[in-house]
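The structure under discussion appears below in the form of structure tokens.
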Amino acid sequence: MRTSPYTRLACMTADSINPMLSMRTTVGGHFPRFTRVSSRRQFRSVWGGTLLFALLLGGCASYQPRPLIPSREAAALQARDVNAAGLRAFLAAHGQTVTPWPLPTWDLSSLTLLALYDNPQFKVARAQWQRARAGTETAAQLPNPSLHLFQQHHSLAPAGLSPWSYGLALGIPLQSTGLRQARVAQAHALADAADLELAAAAWQIRSTVRVRFVGLDAARRNVDLLKSEVALRKTALRLLQRQYALGAITASTLTMAHIQEERAQSAVLSAQGQVADQRAALAGILGLPLDALAHLRLDFSGIQNPPTGKHLPSPAVQRAALLDRLDIRTALDQYSAAEAGLRLEIAKQYPQFQLGPGYEWDQGDQRWTLGLSLSLPVFNQNQGQIAEAEARRVEVAARFEVLQLHVLTQVERGMAAYQNSVQTWNATNHIVAVQQQEAQQISAQFAAGEIDRLAVIRAQLQTVVAKRDRLTAQVESEHALGRLEDAVQQPLEGGTPLPPVATLGPRQAPHDKQGS
Numbered sequence: 018m019r020t021s022p023y024t025r026l027a028c029m030t031a032d033s034i035n036p037m038l039s040m041r042t043t044v045g046g047h048f049p050r051f052t053r054v055s056s057r058r059q060f061r062s063v064w065g066g067t068l069l070f071a072l073l074l075g076g077c078a079s080y081q082p083r084p085l086i087p088s089r090e091a092a093a094l095q096a097r098d099v100n101a102a103g104l105r106a107f108l109a110a111h112g113q114t115v116t117p118w119p120l121p122t123w124d125l126s127s128l129t130l131l132a133l134y135d136n137p138q139f140k141v142a143r144a145q146w147q148r149a150r151a152g153t154e155t156a157a158q159l160p161n162p163s164l165h166l167f168q169q170h171h172s173l174a175p176a177g178l179s180p181w182s183y184g185l186a187l188g189i190p191l192q193s194t195g196l197r198q199a200r201v202a203q204a205h206a207l208a209d210a211a212d213l214e215l216a217a218a219a220w221q222i223r224s225t226v227r228v229r230f231v232g233l234d235a236a237r238r239n240v241d242l243l244k245s246e247v248a249l250r251k252t253a254l255r256l257l258q259r260q261y262a263l264g265a266i267t268a269s270t271l272t273m274a275h276i277q278e279e280r281a282q283s284a285v286l287s288a289q290g291q292v293a294d295q296r297a298a299l300a301g302i303l304g305l306p307l308d309a310l311a312h313l314r315l316d317f318s319g320i321q322n323p324p325t326g327k328h329l330p331s332p333a334v335q336r337a338a339l340l341d342r343l344d345i346r347t348a349l350d351q352y353s354a355a356e357a358g359l360r361l362e363i364a365k366q367y368p369q370f371q372l373g374p375g376y377e378w379d380q381g382d383q384r385w386t387l388g389l390s391l392s393l394p395v396f397n398q399n400q401g402q403i404a405e406a407e408a409r410r411v412e413v414a415a416r417f418e419v420l421q422l423h424v425l426t427q428v429e430r431g432m433a434a435y436q437n438s439v440q441t442w443n444a445t446n447h448i449v450a451v452q453q454q455e456a457q458q459i460s461a462q463f464a465a466g467e468i469d470r471l472a473v474i475r476a477q478l479q480t481v482v483a484k485r486d487r488l489t490a491q492v493e494s495e496h497a498l499g500r501l502e503d504a505v506q507q508p509l510e511g512g513t514p515l516p517p518v519a520t521l522g523p524r525q526a527p528h529d530k531q532g533s
């Protein structure tokens, strides 16, 4: 809450003012004596000043309790609704098609916006952003003047006059322009860095949603392939049992088939556990209860395309990562803050002045005073703080160089890893094609009566194994592409870009009543 300078002047407690205005000091067991005229004037002055401060006190900010109740927060978490009107407006504002509503399917782009809309982790980042922005207002504030009220007792007062004199004095700090500008510049640089940290938090949420989304799709598809393998091994086991009954195979061969079938069933159970784990992880990053996610129909088609080299970033995008990535820009703002901090400490080495006008009523005599106080740089000239600020600036500059090297390495490694994953997928895809062709040939031989059905089952099992290898290669290529996107902090396969910070920062979720 903003208050006027006059209101801020009044934001002193009555306990710190009234004792000075209504002091009843006694000397020799008697109350102070006043002349009739002077006492009336003093009475009116005292109560007039008290009334003025009482009126101004009404404009001061007051504490508003906002207790944190775990049961209420838990209930709000369980009650989150993906069909809320506020979410619909948020999706529409950022380019998502929201007709029909509720959405029949949710893809990676819509899930990313859902995570950004009402995510507890993002609320933390947004609160930190708001705190940094509030720091700019603090830095721009002028220091408050101080008010000193006093009274004096005169032991040799003339007859008929009050032995008391009263006065007040103001202390008005005179802040140098350079000091205030440096403080404001430092606060704005830190606030700009907080803007970028908020955007970085949004990107991190996007990245995590993508990882969990890809992981869930991979786990689901792996379960389907393993179930196909179990069905084929059951069929093979039945055929081998018939051959064993006829004495065509040994017991060890049948036992091995039993073991392979049980291993396949165990692999299905393990893969189903991975599906449950990935689903829970996705619900967590979306900020949804697991039951709410279970009712969403997820569309994985956008991440099931074969990897290609066309997703590789252009040289311009790679250069932009070195110069304009979020953490690079954050580091630049932090360096600006360090420079402003150095200017601030240099400005502090010069004397700071305080103007002190005053007034005293003494036995009917009105005295006006004007004082000037300053700090004397005798024992130090702020050398220690200046040295610390200089060292801090050097440290931030060195960290920036390390960060740029890290970004360069991350981009190059990301490109190499993705290119390798594309080659691996191409190789596994070729193996699947060869294996499918061979399985077709074996099926034709079986139809011609040249081989038995067990040979067909074995060929189909080899095809399933090849498909699982291809799935592993495709998932790895998706993860490699995600790491490459993290390196350049740009979508590389047509994903929805992040909303600007201006739309993410001040927005509050519908059930979040806290003001921005």
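All residue numbers for the sequence shown refer to this note's numbering, where the first residue is 18 and numbers rise by one.
Each residue gets a CB set at the ideal place from its N, CA and C atoms; glycine is no exception.
Threshold first: 4 residues or longer. Then list the alpha helix (DSSP H) segments lying entirely within the segment 440 to 509, N to C.
470 to 505
Determine the extent of the beta strand (DSSP E) in which GLN168 is found, giving its start and end residues.
On the sequence shown, residue 168 is found 151 positions in, with the first residue counted as 1. Taken as a continuous stretch (DSSP letters only), the beta strand (DSSP E) holding GLN168 covers 163 to 170.
Leaving aside the five residues before and after TRP378 along the sequence, list all residues of the same chain whose C-beta is less than 7 Å from its C-beta, in chain order.
On the sequence shown, position 361 is the one that residue 378 refers to. Cβ within range, chain order: SER182, TYR183, GLY184.
Between the CA atoms of GLN81 and GLY375 - distance to the nearest angstrom:
For the purposes of this step, residue 375 is taken as the residue at position 358 of the sequence shown. For the purposes of this step, residue 81 is taken as the residue at position 64 of the sequence shown. Taking the straight line from one Cα to the other gives about 37 Å.
Could you check the C-alpha separation between VAL201 and ARG148 for me, to the nearest Å?
As a working note, residue 201 is residue 184 in the sequence shown. As a working note, residue 148 is residue 131 in the sequence shown. About 15 Å.
Could you tell me the alpha carbon to alpha carbon distance between ALA217 and ALA338, rounded to whole angstroms?
For the purposes of this step, residue 217 is identified with residue 200 of the sequence shown, where counting begins at 1. For the purposes of this step, residue 338 is identified with residue 321 of the sequence shown, where counting begins at 1. Distance between the alpha carbons of ALA217 and ALA338 is about 13 Å.
Apart from the five residues on each side of it in sequence, which residues of its chain come closer than 7 Å, Cβ to Cβ, to THR43?
Translated into positions along the sequence shown, residue 43 becomes position 26. Since pLDDT at THR43 reaches only 34, below the 50 mark, its modelled position is unreliable, and no value is offered.
How do the segment 320 to 328 and the segment 227 to 245 stand: do at least 3 beta-carbon pairs fall below 8 Å, yes or no?
yes
What did DSSP end up calling LEU389 once you bin it into helix, strand or coil?
As a first step, residue 389 is located in the sequence shown; it is residue number 372 there, counting from the start. Correct three-state label for LEU389: strand.
Tell me, to the nearest whole angstrom, how far the beta carbon of LEU125 is from that of ARG229; I am working on the premise that it is less than 8 Å.
Here the question's residue 125 lines up with position 108 in the sequence shown. Here the question's residue 229 lines up with position 212 in the sequence shown. Incorrect: roughly 10 Å between the Cβ atoms, too far for contact.
Mark LEU340 as exposed unless 16 or more other C-beta atoms lie within 10 angstroms of its C-beta, in which case mark it buried.
Counted from its first residue, the sequence shown places residue 340 at position 323. That one is exposed.
Would you report the Cα separation of GLN491 and ALA78, rounded to the nearest angstrom?
Taking the first residue of the sequence shown as 1, we reach residue 491 at position 474. Taking the first residue of the sequence shown as 1, we reach residue 78 at position 61. C-alpha separation (whole angstroms): 59 Å.
At which residues does the beta strand (DSSP E) containing TYR376 begin and terminate?
Numbered from its first residue, the sequence shown carries residue 376 at position 359. Looking at the DSSP string, the run of the beta strand (DSSP E) that includes TYR376 is 370 to 379.
Classify ARG124 as helix, strand or coil using the three-state DSSP reduction.
Indexing the sequence shown from 1 puts residue 124 at position 107. Checking the displayed sequence, the identity of residue 124 turns out to be Asp instead of Arg. ASP124 falls in the coil class under three-state DSSP.
Apart from the five residues just before and just after ALA357, which ones in its own chain have a Cβ nearer than 7 Å to its Cβ?
The count along the sequence shown starts at 1 and reaches residue 357 at position 340. Around ALA357: ALA199, ALA202, GLN203, ALA206.
Using a Cβ-Cβ cutoff of less than 6 Å, which residues in the same chain neighbour GLY301 once the five nearest sequence positions on both sides are dropped?
For the purposes of this step, residue 301 is taken as residue 284 along the sequence shown, with counting starting at 1. Taken in chain order, the list of residues that qualify is empty.
Could you tell me the boundaries of the beta strand (DSSP E) in which ILE189 lies?
What you label residue 189 is simply residue 172 of the sequence shown in a count that begins at 1. 181 to 191 is the span of the beta strand (DSSP E), which, as asked, contains ILE189.
Unbroken alpha helix (DSSP H) run spanning ASN397, endpoints
As a working mapping, residue 397 is identified with position 380 in the sequence shown. Taken as a continuous stretch (DSSP letters only), ASN397 belongs to no alpha helix (DSSP H), as it is neither H nor E.
Using only alpha-carbon positions, find the residue among GLN369, THR194, LEU509 that is nearest to GLY188.
Taking the first residue of the sequence shown as 1, we reach residue 188 at position 171. Cα-wise, what sits closest to GLY188 is GLN369.
Using 7 Å as the threshold, is the C-beta distance between VAL99 and LEU108 below it?
For the purposes of this step, residue 99 is identified with residue 82 of the sequence shown, where counting begins at 1. For the purposes of this step, residue 108 is identified with residue 91 of the sequence shown, where counting begins at 1. No, these two residues do not count as a Cβ contact at 7 Å.
Beta bridge counterpart(s) of ASP382 as assigned by DSSP
Counting from one through the sequence shown, the residue named residue 382 turns up at place 365. ASP382 is bridged to ASP379.
Let me know the secondary structure DSSP gives ALA96 once reduced to three states.
Locating residue 96 in the sequence shown gives position 79, counting from the first residue. DSSP places ALA96 in coil when its eight states are reduced to three.
Per-residue DSSP class, three states only, for LEU315:
Position 298 of the sequence shown, counted from the first residue, corresponds to residue 315. It is a strand residue.
Out of curiosity, what's the CA-to-CA distance linking ALA274 and VAL473?
Counted from its first residue, the sequence shown places residue 274 at position 257. Counted from its first residue, the sequence shown places residue 473 at position 456. Approximately 16 Å between the Cα atoms of the pair.
Whole-angstrom distance between GLN95 and ILE86, CA atom to CA atom:
Mapped onto the sequence shown, residue 86 falls at position 69. Mapped onto the sequence shown, residue 95 falls at position 78. So the two alpha carbons sit approximately 15 Å from each other.
For GLN454, which residues in the same chain have their Cβ closer than 7 Å to its Cβ, ignoring the five residues on either side in sequence?
Here residue 454 refers to the residue found at position 437 of the sequence shown. Result list for GLN454: empty, nothing under 7 Å.
Rounded to whole angstroms, what's the CA-CA distance from THR540 to ILE222? Just pull it up for me.
This structure cannot settle anything about residue 540, because the visible part of the chain is limited to 18 through 533.
Compute the Euclidean distance between the alpha carbons of ILE468 and GLN260, then round it to the nearest angstrom.
Residue numbering aside, residue 468 sits at position 451 when the sequence shown is read from its first letter. Residue numbering aside, residue 260 sits at position 243 when the sequence shown is read from its first letter. Cα to Cα, the separation comes out at about 14 Å.
Express the C-alpha separation of ALA476 and ILE459 in angstroms, rounding to a whole number.
Locating residue 459 in the sequence shown gives position 442, counting from the first residue. Locating residue 476 in the sequence shown gives position 459, counting from the first residue. Approximately 7 Å, taken between the alpha carbons.
Can you give me the Cβ contacts of PRO7 inside the same chain, cut-off strictly under 7 Å, excluding the 5 residues immediately before and after it?
Residue 7 lies beyond the residue range present for the chain, which begins at 18 and ends at 533; the question has no answer from this structure.
Quick one, which of LEU359, GLU502, PRO119 has its alpha-carbon nearest PRO330's?
Against the sequence shown, residue 330 aligns to sequence position 313. Minimum Cα distance to PRO330 is reached at GLU502.
Under the rule that 16 or more other beta-carbon atoms within 10 Å means buried, what is VAL411, buried or exposed?
Counting from one through the sequence shown, the residue named residue 411 turns up at place 394. The residue in question, VAL411, is exposed, as its Cβ has fewer than 16 Cβ neighbours within 10 Å.
Three-state class that DSSP yields for ASN322 in the structure shown
Working through the sequence shown from its first residue, we reach residue 322 at position 305. Note: ASN322 maps to coil in three-state DSSP.
DSSP state of ILE266, grouped into three classes?
The sequence position of residue 266 within the sequence shown is 249, counting from 1. Reduced to three states, the DSSP call for ILE266 is coil.
Is the beta carbon of GLN282 less than 7 Å from the beta carbon of VAL240?
As a working note, residue 282 is residue 265 in the sequence shown. As a working note, residue 240 is residue 223 in the sequence shown. No.
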